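Working notes, beginning with the structure itself.
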Amino acid sequence: MVLWEFIVICGIVFILLELFVPSMFFLNFALAAFVTAIASLFTTKMLSLVLVFFVFSFLSFAFLRPLLLKRKSKEIETGVNDKYIGKRAKVTEEVSADNGAISIYDERWNARTEDGSVIPVGEEAEIVKNDSIIMYVKKLVK
Numbered sequence: 437m438v439l440w441e442f443i444v445i446c447g448i449v450f451i452l453l454e455l456f457v458p459s460m461f462f463l464n465f466a467l468a469a470f471v472t473a474i475a476s477l478f479t480t481k482m483l484s485l486v487l488v489f490f491v492f493s494f495l496s497f498a499f500l501r502p503l504l505l506k507r508k509s510k511e512i513e514t515g516v517n518d519k520y521i522g523k524r525a526k527v528t529e530e531v532s533a534d535n536g537a538i539s540i541y542d543e544r545w546n547a548r549t550e551d552g553s554v555i556p557v558g559e560e561a562e563i564v565k566n567d568s569i570i571m572y573v574k575k576l577v578k
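For the sequence shown, this note's numbering gives the first residue as 437, with consecutive numbering after it.
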């Protein structure tokens, strides 16, 4: 077996591990293994290849993993993934910077205003962002 083939197989094993343990941990090693496999086409020095693997593993952990975890955690925590942003909602309890509630698609959501304004009951508001189970809204201009 050629060296680059062995390294590619290691990368595939890391991907399979990531499928069974979805923690965004083994994916970093898989990417580093594939880069190392490409580097092994140009050199067979083990020290160089080990160095390439460690450098790309570190870079992947430092830059890619935080981005992937941030995206993944937002979808898991809220389950919303921004599908309500920009939609209109009916105010069911007066919304201020401290408390309030809205209704959208027959669902009740806690709501707040970012600018401290007050939106009375019965008005429509536009959802501008969400933070966990709280929707931030602004008053619609008529």
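Think of the CB as a built atom: it goes at the ideal place given N, C-alpha and C, for glycine as much as any other residue.
No experiment lies behind these values; they were computed from the predicted model shown.
Beta-carbon proximity of residue i to residue j, cut-off 8 Å
i	j	result
alanine 475	valine 486	no
glycine 536	arginine 548	yes
glutamate 530	valine 564	no
lysine 523	serine 539	no
phenylalanine 465	serine 493	yes
phenylalanine 461	glycine 447	no
threonine 472	isoleucine 451	no
Distance, residue j Cα to residue i Cα
i	j	result
alanine 561	aspartate 542	15 Å
alanine 533	valine 573	10 Å
asparagine 566	proline 502	21 Å
leucine 463	isoleucine 555	46 Å
leucine 408	valine 491	Any question about residue 408 goes unanswered here, given that the chain covers just 437 to 578.
isoleucine 569	threonine 528	16 Å
Continuous beta strand (DSSP E) stretch holding residue i: start and end
i	result
threonine 549	543-549
tyrosine 572	570-575
valine 527	524-529
glutamate 559	Run containing glutamate 559: none; DSSP gives neither H nor E here.
Local Cβ density within 10 Å of residue i, reported as buried at 16 or more and exposed below that
i	result
threonine 479	exposed
isoleucine 445	exposed
methionine 571	buried
Boundaries (first-last residue) of the alpha helix (DSSP H) holding residue i
i	result
threonine 472	462-476
glutamate 441	439-456
valine 486	482-495
* Asked: Within the chosen definition, does the stretch 491-498 reach the stretch 518-534 through at least 3 CB pairs nearer than 8 Å?
  -> These segments do not touch.
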